[in-house]
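Below: one structure, written as structure tokens.
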Amino acid sequence: MSTEATELNRLYWHSRRGMLELDVLLVPFVKEVYASLGAEDQARYRKLLECEDQDMFHWFMQRGEPEDADLQIIVRMILDRVQPA
Numbered sequence: 069m070s071t072e073a074t075e076l077n078r079l080y081w082h083s084r085r086g087m088l089e090l091d092v093l094l095v096p097f098v099k100e101v102y103a104s105l106g107a108e109d110q111a112r113y114r115k116l117l118e119c120e121d122q123d124m125f126h127w128f129m130q131r132g133e134p135e136d137a138d139l140q141i142i143v144r145m146i147l148d149r150v151q152p153a
């Protein structure tokens, strides 16, 4: 398995959080979008995965925003992907 494939596989499993609301956002994002992101956005996604599930739930349900600007960018990117225009 190539290094890139190994990394994607690892990220896939880290994206599975066990909370349906997060899984339906993160798993498709990592499978369908992550590989096409630039290095900065990939780093933002990896940083997001280090966050607590409850914090991510809060952000994705739009009950607040992360204080960190990088996290704000990746959360908005994921939400924009699933919200109607």
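69 is the number of the first residue of the sequence shown in my numbering; add one for each residue after it. Ideal Cβ positions, reconstructed from N, Cα and C, are used throughout, including at glycine. Model, not experiment: these values are computed from the prediction.
Boundaries of the alpha helix (DSSP H) harbouring P96: 88 to 100, taken from the DSSP string.
When the beta-carbon positions are compared, L90 and M129 stay at least 7 Å from each other. Each of L76, Q122, F97, A73 was checked against the Cα of R144, and the nearest Cα belongs to F97. Counting the other Cβ atoms within 10 Å of the Cβ of R149 gives fewer than 16, which makes it exposed. Non-local beta-carbon contacts of I142 in its own chain, meaning distances under 6 Å to residues more than five positions away in sequence, involve R112, Y113, L116 in chain order.
The criterion of a C-beta distance shorter than 7 Å is not satisfied by Q122 and E133.
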